[in-house]
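Each residue of the sequence shown is one higher than the last, beginning at 8 in the numbering used here. Backbone N, C-alpha and C define an ideal beta-carbon position, used for all residues, glycine too. The structure appears below as structure tokens.
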Amino acid sequence: MDSYITYHDEIPDVETYFELRSSVDWSVFCGEQSEKALNNSYYCVVAKDGDSTVAMGRVVGDGMYCDIVDVMVKPQYQGKKIGSTIINKLVERIDEGTPEGGKASIQLIAASGKEGFYVKQGFTILPNEDSGPALRKLIYK
Ligand SMILES: CC(C)(COP(=O)(O)OP(=O)(O)OC[C@H]1O[C@@H](n2cnc3c(N)ncnc32)[C@H](O)[C@@H]1OP(=O)(O)O)[C@@H](O)C(=O)NCCC(=O)NCCS
């Protein structure tokens with residue numbers, strides 16, 4: 008892990024969020040929708056190089072069902088264990104928030120070709136013997 012990178016429980020502003028999304032060639036959502044969504048995050052972790060936000064990941068959910076979304080590391084910072092550190096921190100937060108006798112399902116849709124990254128962090132590819140495939144419906148307006 009690069010020691011000059013610091014990690015913070017912090018929600019980035021929309022501008023920074025758009026900058027991160029653009030850096031990994033993801034489209035940006037509308038500003039109003041993004042601001043509301045970011046502020047509704049259950050947990051959010053950013054990685055910084057000095058004052059500059061270079062990566063993030065966030066969780067949306069209710070404590071029982073938690074979706075990991077918006078995991079992105081700026082290209083020049085990839086391959087330095089920043090993405091995996093962010094995943095570990097998000098999982099840690101969910102773990103800490105799960106009561107004794109409770110259960111949390113942490114789920115996500117991997118970008119194409121990125122499933123191996125999550126497998127390395129202990130996630131299981133679906134379908135498996137217990138669960139069917141993940142399904143999705145998108146709305147565009
Ligand atoms: C995918 C992404 C988050 C990984 O972050 P990263 O900081 O570059 O990854 P790390 O350095 O933490 O990698 C941790 C491990 O996962 C492995 N890994 C990284 N990307 C991988 C991939 N696509 N497939 C398989 N393994 C991968 C690394 O080799 C490393 O393995 P090791 O522990 O054996 O050394 C980052 O490359 C990224 O932001 N990509 C563009 C946006 C994206 O696709 N995000 C994922 C959305 S679902």
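Taking residue 116 as reference, the option from 106, 66 and 84 with the minimal CA-CA separation is 66.
Secondary structure within the region 23 to 86: the beta strand (DSSP E) runs of 3 or more consecutive residues, fully enclosed, are 50 to 56, 59 to 68 and 72 to 80 (chain order). Inter-residue distance for residue 71 and residue 110 is about 6 angstroms (C-alpha atoms, whole angstroms). Apart from the 5 residues on each side of it in sequence, residue 128 sits with its Cβ closer than 8 angstroms to the Cβ of 91, 94, 95 and 98 in its chain, given in chain order. Across the structure, residue 58 and residue 84 are spaced so that their CA atoms are roughly 15 angstroms apart. Taking C-beta atoms as the reference points, residue 113 and residue 73 count as a pair closer than 9 angstroms. The C-beta of residue 146 has fewer than 16 other C-beta atoms within 10 Å across all chains shown, which makes the residue exposed.
The Cβ neighbour count for residue 61, taken over all protein chains shown within 10 Å, is at least 16; the residue is labelled buried. In this structure, DSSP gives residue 20 a state outside helix and strand, which the three-state scheme calls coil.
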